[in-house]
Amino acid sequence: MPTIKDLKIGQQATVASVGGEGALRQHLLDMGMIPGVTVELIKYAPMGDPIELRVQSYELTLRLDDASRIEVVNVRDCAETGRSLAGIASLPQEKAIPPVNKLIDHPGLGEGGRFHNKKTEHPLPDGTCLTFALAGNQNSGKTTLFNQLTGSNQHVGNFPGVTVDRKDGVIRGHKDTLVTDLPGIYSMSPYTSEEVVSRQFILDEKPRGIINIVDATNIERNLYLTLQLLELNIPMVVALNMMDEVQSNGGSVNVNRMEQLLGVPVVPISAAKNEGIDELVSHAIHVAKYQEKPLRQDFCDPEERHGAVHRSIHAVMHLIEDHADKSAIPIRFAATKLIEGDKSVIDALGLDTNEQETVVHIVRQMEKESGLDRSAAIADMRFNFIERVVASSVVKPEKSREQTRSSRIDSVLTGRFTAIPMFVLIMGLIFYLTFNVIGGSLQSLLDTGIQALSDTCEKGMEAAGVNPLLISLVVKGVFAGVGSVLSFLPIIVTLFFFLSLLEDSGYMARIAFVMDKILRKLGLSGRSIVPMLIGFGCSVPAVMSSRTLPSERDRKLTVIMIPFMSCSAKLPIYSFFISAFFPGRGALVMLLLYFTGIAVGVLTAVISKNTRYKGEAVPFVMELPTYRMPRPKNVGQLLWEKSRDFIQRAFTVIFLASIVIWFLETFSPSFAMVTDSQNSILAVIAGFIAPIFAPLGFGDWRMVTALISGFLAKESVVSTLGILFGSVASLQQVLTPARAASFLVFCLLYTPCIAAIASIRRELGRRWALWIVLFQCAIAWACAFIVHLVTLI
Ligand code: GDP
Ligand code: MG
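The working numbering puts the sequence shown at residues 79 to 871.
What follows is the structure, encoded as structure tokens:
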């Protein structure tokens with residue numbers, strides 16, 4: 079039988095069976111790749127692998143190897159009328175779903191309470207905090223909605239236990255509420271460790287309500303998650319997002335009809351345009367306050383596939399009723415997950431051997447009667463229900479303008495001959511604008527300002543006859559330390575600005591698509607490019623974003639590589655040394671340093687791939703979202719968070735480090751003030767370690783101290799040098815350009831800063847963090863030694 083691999087560009091086919099096994103297969107099914115669906119091959123990546131497919135009216139990328147496991151029938155050339163919207167082809171006739179009995183109120187539309195039966199109503203007591211989980215697919219607009227709901231009343235914290243950045247916020251104008259923005263998921267069968275967090279949050283923390291955000295331009299796949307959330311029997315509202323796009327393309331949704339079919343309130347909104355948010359909030363608060371459970375959880379059709387799936391679900395439900403009750407897992411959810419074969423639910427239920435065997439028999443019988451295996455049968459059941467909901471409540475637009483625009487942009491950005499030049503061009507432009515134009519000029523402006531302020535303070539204090547010790551603390555400690563770091567704020571903010579544009583617009587996913595084949599040679603997948611690019615900004619979020627990678631092995635390999643990408647905190651070191659030792663050759667030195675970092679990272683990956691981490695990267699299956707204009711509000715919010723973090727760091731870690739170093743450098747071991755810092759405590763301590771660095775050409779105790787302080791934060795290498803040397807001239811007395819080069823290489827490669835180490839520890843554990851620190855220091859020493867040797871010759 080032909081497979082997807084055999085399709086030619088522009089050809090369509092109907093999926094006959096999805097091969098493979100385990101989590102990947104489940105993931106493919108969850109993303110809508112089920113028997114009966116129509117797929118269309120759109121293009122090959124520039125290097126011939128992976129491919130881009132259209133399925134369920136969205137774009138998916140997958141590797142040829144995996145494509146060759148999906149068998150197809152009825153291969154045909156695409157209709158002349160242009161690209162047709164691929165839906166489920168096998169079930170054309172609409173089978174009516176009986177609507178649920180109760181009408182849903184629209185308090186926001188002035189019908190508050192009309193349909194309520196006061197006798198069955200049990201509102202939560204006033205003052206109970208209404209907690210909401212904001213759940214939805216990736217790129218469905220969660221962050222945008224979250225920002226609209228909470229305004230600026232949000233804070234970022236850690237998920238207890240697992241460590242994921244968690245965003246909580248109070249809904250504007252409703253003080254007893256708390257919304258949590260969860261990582262995007264496609265189904266309740268998690269594929270990446272980030273998705274595990276979302277699932278565990280909903281199951282364990284038991285929010286009072288769920289706000290399920292659904293991308294209306296991609297409704298079939300999004301509703302797949304909705305059905306699974308409904309099974310949880312938690313009060314819920316569906317926020318139908320991106321309605322502005324649906325409407326402007328001539329589509330529409332019969333919201334009342336959809337509500338009757340799903341049994342929960344459905345509110346059309348546009349998060350980006352701030353439309354419909356008030357109604358969404360009042361519904362969400364209403365269902366949570368009155369604990370109105372979804373009115374429908376049963377999606378199986380008793381007649382479909384001879385009722386096999388229907389009967390098996392209900393049989394399992396009866397069988398496990400007592401266990402589900404005891405372990406507080408919603409019963410319908412437990413039953414479908416059991417049939418899918420979800421390991422963690424099987425364990426949580428604690429079935430005895432007899433019951434487990436009964437389940438196996440029920441599943442086997444169902445597989446025999448339905449002709450589908452367990453995972454495919456459940457996915458098929460859900461998509462059939464969705465198809466009937468969509469058929470009777472959604473008028474699809476003929477051809478979306480956004481999608482047309484997207485494929486036009488893609489013809490350049492992922493085009494066969496243009497993709498890689500465009501990538502280099504875009505990244506080059508970003509770095510050029512950041513370091514030379516925008517960030518660079520703002521930085522020198524800020525620098526001048528801080529210097530002037532420092533001078534004025536010094537003069538003022540001298541005139542007022544302030545104690546010289548205090549003057550020294552303020553000028554040499556605080557201004558030299560914190561000030562020199564603070565002046566890098568513009569560069570860092572600019573870099574994050576561009577990186578967030580890449581991510582929000584949807585280009586980051588394309589980079590992964592284009593680069594997959596190269597990364598595969600390193601034993602990684604295209605997804606790893608995202609953490610690495612973020613690593614040029616800061617290792618901390620980069621390490622955190624490695625969570626989007628689906629396998630432990632990929633995560634470890636990626637995390638090892640991240641610290642070799644020059645983060646923005648190392649920039650102060652580079653520019654400081656360039657202006658002191660390599661004037662006029664700044665761009666060249668920068669480029670060399672960046673590439674050395676990348677090269678060492680790549681080498682490490684290749685070596686690990688061939689030794690400890692043998693084997694192939696996990697399959698690369700990813701949605702390619704429609705290109706969208708990033709919203710200024712989202713970008714603004716992100717920049718504000720980054721600047722706040724950075725300023726906070728400057729005034730906490732770096733402030734403290736500056737004062738400690740100033741102290742150690744001003745006093746002798748007997749705590750007398752020293753005139754020559756050669757006699758200070760610091761000189762004594764650093765003198766011990768200095769011999770290690772002598773072979774590298776910088777055994778001076780002040781250089782060593784700078785490196786130690788760089789452990790706290792890379793920026794403070796510069797501030798420490800500033801404090802200890804006072805002027806560039808005295809630094810030039812100690813270092814030659816050749817020695818400066820070896821120092822720079824050491825700075826580039828040695829241990830990540832303490833914040834990055836902490837996040838590596840959170841992600842991979844203590845042993846890994848320690849190992850990475852030692853490993854990197856060793857590599858840095860070796861490389862700096864080589865540079866030193868080469869420059870000696
Ligand atoms: P998340 O990945 O679910 O957090 O999604 P985001 O909030 O980052 O949104 C993904 C993209 O969709 C962004 O570029 C948003 O600007 C865009 N977006 C979000 N909501 C809407 C909407 O209602 N209409 C339109 N046209 N675009 C939206
Ligand atoms: Mg988001």
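We put the beta carbon where it would ideally sit given N, CA and C, even for glycine.
Per DSSP, residue 270 has no beta bridge partner at all. Residue environment: residue 105 is assigned as buried (16 or more neighbouring CB atoms within 10 Å of its CB, all protein chains considered). Exclusion of the five residues before and after residue 623 leaves 608, 609 and 612 as the residues of its chain whose Cβ lies within less than 7 Å of its Cβ.
The distance from the Cβ of residue 267 to that of residue 420 is about 6 Å, consistent with a contact at the 8 Å cut-off. Pairing residue 463 with residue 305 gives a Cβ-Cβ distance under 8 Å. The Cβ atoms of residue 321 and residue 291 do not sit closer than 8 Å to each other.
The residues 768, 769 and 771, in chain order, have a CB closer than 7 Å to that of residue 777 in the same chain once the five nearest residues on each side in sequence are set aside.
If you look at residue 359, you'll find it in the alpha helix (DSSP H) that goes 355-367.
Annotation: residue 477 to residue 135 spans about 10 Å, alpha carbon to alpha carbon.
When the Cα atoms are used, residue 133 and residue 302 turn out to be separated by approximately 14 Å. Out of 697, 370 and 837, the CA that lies nearest to the CA of residue 621 is found in 837.
Restricted to the stretch 596-628, the alpha helix (DSSP H) segments that are unbroken, complete and at least 4 residues in length are 607-613 and 617-623, listed in chain order.
Per DSSP, residue 639 lies in no beta strand (DSSP E); the unbroken alpha helix (DSSP H) holding it starts and ends at 630-639. Three or more Cβ pairs closer than 8 Å define a contact, and the stretch 489-508 falls short of that threshold against the stretch 421-429. Separation of residue 555 and residue 749 (C-alpha to C-alpha, rounded to the nearest whole angstrom) is 17 Å.
DSSP places residue 691 in the coil class of the three-state scheme, outside both helix and strand. One Cα belongs to residue 469, the other to residue 331, and the distance between them is close to 10 Å.
Going by beta carbons, residue 294 and residue 324 fall inside the 8 Å limit. Annotation for residue 506: the continuous alpha helix (DSSP H) segment containing it runs 497-510.
Leaving aside the five residues that flank residue 272 on each side, the residues in its chain whose CB is nearer than 7 Å to its CB run, in chain order, 242, 261, 625 and 626. Contact check for residue 286 against residue 366 passes: the beta carbons are separated by less than 8 Å. If you compare the alpha carbons of 726, 710 and 758 with that of residue 350, the shortest gap goes to 710. For the pair residue 109 and residue 131, the CB atoms are not nearer than the 8 Å cut-off. The beta carbons of residue 227 and residue 247 sit closer together than 8 Å. The continuous alpha helix (DSSP H) containing residue 733 extends over residues 733-744. Remark: the shortest separation between the CB of residue 300 and any heavy atom of the ligand GDP does not fall under 7 Å. Collapsing the DSSP output to three states places residue 217 in coil.
In the three-state reduction of the DSSP assignment, residue 341 falls in the coil class, being assigned neither a helical nor a strand state. Within a 10 Å sphere around the beta-carbon of residue 402 sit 16 or more other beta-carbons, which makes this residue buried. At a threshold of 7 Å, residue 323 counts as near the ligand GDP, since its beta carbon sits closer than that to one of the ligand's heavy atoms. DSSP places residue 253 in the coil class of the three-state scheme, outside both helix and strand. Looking only at 278, 142, 602 and 664, the smallest Cα-Cα distance to residue 634 is reached by 602. When the five nearest sequence neighbours on each side are left out, the beta carbons in the same chain lying within less than 8 Å of the beta carbon of residue 596 are those of 125, in order along the chain. Look at the stretch 96-129 and you find these whole runs of alpha helix (DSSP H), each 4 residues long or longer: 100-108. DSSP lists 212 and 245 as the bridge partner or partners of residue 259. Restricting attention to beta strand (DSSP E) runs no shorter than 3 residues, the stretch 300-342 encloses them at 314-319, ordered along the chain.
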